[in-house]
Structures are given as C-alpha cells and as structure tokens.
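Below is one structure, written out as structure tokens; comments come after it.
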Amino acid sequence: GESVGLHLPTLSVQEGDNSIINCAYSNSASDYFIWYKQESGKGPQFIIDIRSNMDKRQGQRVTVLLNKTVKHLSLQIAATQPGDSAVYFCAETLNTGNQFYFGTGTSLTVIP
Amino acid sequence: DTEVTQTPKHLVMGMTNKKSLKCEQHMGHRAMYWYKQKAKKPPELMFVYSYEKLSINESVPSRFSPECPNSSLLNLHLHALQPEDSALYLCASSQELARLNEQFFGPGTRLTVL
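Keeping their order, the protein sequence lines are chains A and B. Position 89, counted from 1, in the first sequence is what my numbering calls 89; the numbers after and before it change by one each time, with no gaps. Each position in the second sequence, counted from 1, maps to that position plus 1000 in my numbering.
Right, dumping it as structure tokens:
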C-alpha cells in the first residue's frame, strides 16, 4: 500500500557557516512570534521572540526577521555549531495568548 | 528549580486501559498546557489551564480528560484511546497565560496505544 507521511523540511550546513531557517505563518492577525529549538528526546526550548511592531530582533548568535507583508519569519543562526542540530519551530500567536500555533518545523543538521 | 517534569517517560497501553500522565512544576507558574506531538510534526495545543481553571480546550476528544489538582500539578487522564493517539505528550507552563515567551516545556511522555 501507499504510505503518506509529513515531509519535514531539512537543512544541512557546515560547522561555522550561517544558517537561515524560514517560516510562513498563516494568521494576519498574529502579533507575536516565537522560535523554538527541539532536540531529540526533549521538549521545545525558547530561542527568541519578536512582536509585530518590529521587523528584526537580535539575540546571542541568532537573529529573527519578520516580514508582515508576506507573512514570513526567518531565523538566522551565526557560526552554526554541532549543538545547534535540532528541529526548529516557529510559533505564532495573538497577544492574548488564546490562540497559539506552531509552524511545520525544519530539521537542521550541522556537519562537523 | 526551572524545570517541568513529566511522568512516565514512556507508556504503552491497550485501547481498554485507563492511565494518567502527570506533569509538575515548582516555578510558581499559573498557566499550564498540554500538547500532543506526532512524529515529524509540530506540537498541537490540547488544553490550557490558567489559575487551575480550564481556559482552552482545542476540541479534544473526551477520551482525554485534563485535571489540575493544584497550581503545581497537571494530569491528563486517558481512557479508551485509539492507536492514532500514539504520540509524544508535552506539558508546559508559563508565569501567566499570555507569557508564552516564558513557556517551559517538559521532556514529554512517549505514549503508544496498542
């Protein structure tokens, strides 16, 4: 028979290179966005967030860019390290916290 | 203590069994969440408790029954599950319902329904 499964987008980068992970969100009313990192066997871990009144926010080695016109979010990781290998999810929500949705996720593999 | 703990780590149950998943946090958080995560998919919100009251139920089947006995504990009672309910069940907590950026996740319970 035929098997149907979800294809998790994957990204492979060399250690030391920069990584860019993209996310398209669906709700134009969403005004708060979060990036999470999920390592194998663990729950998601908060990385960085951004509010809709901003288009860029920087953290330690990470930058999030928000383009509200095309409903697109990206996570840039500078000087990617093996410990960055994980699945990365974006999440969108309304400020009330009453609606909260994770995006599809991207599996990042860092090649030493 | 900045940790959310979940027990058991793994659970195998038959379709006629009754079991419970447990979640605990001692960070003084007043919002607690249950998520379901299938393999290679994002977590899906199931239930949210705020100040020990059920705040959000994302149209979850009644075979899943949440309970918040006190501000530190969150249970998920399981009864008459189906094989398609097999998944990783994640618990999370945050200071308040709207503080999602402060949401701490537990490691999850890997559930298999036979």
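Beta carbons are placed, not taken as given, at the ideal position from N, Cα and C, and that holds for glycine.
#### Entry: Run of the beta strand (DSSP E) containing Glu1084/B, from where it starts to where it stops
The count along the second sequence starts at 1 and reaches residue 1084/B at position 84. That residue, Glu1084/B, is in no beta strand (DSSP E); it is neither H nor E in DSSP.
### Task
Confirm, please, whether the CB-CB distance from Leu1076/B to Ser955/B is below 8 Å.
Any question about residue 955/B goes unanswered here, given that chain B covers just 1001 to 1114.
### Task
Report buried or exposed for His1010/B, applying the criterion of at least 16 other Cβ atoms within 10 angstroms of its Cβ.
Reading the second sequence from its first residue, position 10 is the one you call residue 1010/B. Label assigned to His1010/B: exposed.
### Query
Assuming Pro1043/B contacts Leu1090/B under a Cβ cut-off of 8 Å, what Cβ separation, rounded to an integer in Å, is found between them?
Walking along the second sequence from the start, residue 1043/B turns up at place 43. Walking along the second sequence from the start, residue 1090/B turns up at place 90. Contact holds; Cβ gap of about 6 Å.
### Task
Starting from Leu8/A, find everything on chain B with Cβ-Cβ shorter than 7 Å and list it in chain order.
Counting from 1 along the first sequence, the entry for residue 8/A is found at position 8. Within 7 Å Cβ-Cβ: Lys1040.
### Message
Tell me which residue opens and which closes the beta strand (DSSP E) that Val62/A is part of.
### Response
What you label residue 62/A is simply residue 62 of the first sequence in a count that begins at 1. Start and end: 62–67.
### Query
Roughly how many angstroms separate the alpha carbons of Pro1107/B and Val87/A, rounded to a whole number?
Position 107 of the second sequence, counting from 1, holds the residue named residue 1107/B. Position 87 of the first sequence, counting from 1, holds the residue named residue 87/A. So the two alpha carbons sit approximately 14 Å from each other.
### Query
Ends of the beta strand (DSSP E) at Pro1066/B?
On the second sequence, residue 1066/B is found 66 positions in, with the first residue counted as 1. Here the beta strand (DSSP E) through Pro1066/B covers 1064–1070.
### Task
Determine which residues of the segment 17–45 of chain A have a Cβ less than 9 Å from any Cβ of chain B, and write them out in chain order.
Tyr32, Ile34, Tyr36, Gln38, Gly41, Lys42, Gly43, Pro44, Gln45
#### Entry: Under the three-state DSSP convention, the category Glu1003/B falls into
Translated into the one-based positions of the second sequence, residue 1003/B becomes position 3. Of the three classes helix, strand and coil, the one that applies to Glu1003/B here is coil, per DSSP.
### Query
Would Gly103/A count as contacting chain B if we go by Cβ distances under 8 Å?
What you label residue 103/A is simply residue 103 of the first sequence in a count that begins at 1. Interface residue, yes.
#### Entry: Nearest neighbour of Ser1093/B, chosen from Glu1084/B, Ser1059/B, Pro1008/B, Phe1105/B [CA to CA]
Counted from its first residue, the second sequence places residue 1093/B at position 93. Of Glu1084/B, Ser1059/B, Pro1008/B, Phe1105/B, the residue nearest in Cα terms is Phe1105/B.
### Query
Which class does Pro1058/B belong to by DSSP, given the choice of helix, strand or coil?
For the purposes of this step, residue 1058/B is taken as residue 58 along the second sequence, with counting starting at 1. Note on identity: in this sequence residue 1058/B is Glu, with Pro being the wrong assignment. Glu1058/B falls in the coil class under three-state DSSP.
### Query
Per DSSP, Val1048/B forms a beta bridge with which residues?
As a working mapping, residue 1048/B is identified with position 48 in the second sequence. In DSSP, Val1048/B forms a bridge with Tyr1033/B, Ile1056/B.
### Paired residues, beta bridge with Leu1088/B - DSSP
For the purposes of this step, residue 1088/B is identified with residue 88 of the second sequence, where counting begins at 1. Looking at the DSSP assignment, Leu1088/B forms a beta bridge with Gln1037/B, Arg1110/B.
#### Entry: Within chain A, partners of Pro1083/B - CB distance below 7 Å
Numbered from 1 along the second sequence, position 83 holds the residue referred to as residue 1083/B. What Pro1083/B touches in chain A: nothing, since even the nearest Cβ is about 15 Å away.
### Message
Within the continuous beta strand (DSSP E) that includes Thr106/A, where are the two ends?
### Response
Sequence index remark: in the first sequence, residue 106/A carries index 106 (1-based). Per DSSP, Thr106/A belongs to the beta strand (DSSP E) from 106–111.
### Task
Answer yes or no: does any C-beta atom of chain A fall closer than 8 Å to that of Phe1105/B?
Taking the first residue of the second sequence as 1, we reach residue 1105/B at position 105. Yes, contact with chain A.
### Query
So what does Val1012/B bridge to, in DSSP terms?
Here the question's residue 1012/B lines up with position 12 in the second sequence. In the DSSP output, where bridge partners are listed per residue, Val1012/B has Thr1112/B.
### Task
Using alpha carbons as the reference points, say which of Glu1024/B, Met1015/B, Thr1007/B, Glu1067/B lies closest to Met1046/B.
Numbered from 1 along the second sequence, position 46 holds the residue referred to as residue 1046/B. The shortest C-alpha separation from Met1046/B is found at Glu1067/B.
#### Entry: Euclidean distance between Cα positions of Cys23/A and Val64/A
Position 23 of the first sequence, counted from the start, is the residue given in the question as residue 23/A. Position 64 of the first sequence, counted from the start, is the residue given in the question as residue 64/A. One C-alpha to the other measures close to 11 Å.
### Task
Give the range of the beta strand (DSSP E) segment to which His72/A is assigned.
Numbered from its first residue, the first sequence carries residue 72/A at position 72. Where His72/A is concerned, the enclosing beta strand (DSSP E) stretches over 72–77.
#### Entry: Spatial distance of Ala1087/B from Lys1040/B (CA atoms)
Start at 1 with the first residue of the second sequence, and residue 1087/B comes out as number 87. Start at 1 with the first residue of the second sequence, and residue 1040/B comes out as number 40. Near 11 Å, if we compare the C-alpha coordinates of Lys1040/B and Ala1087/B.
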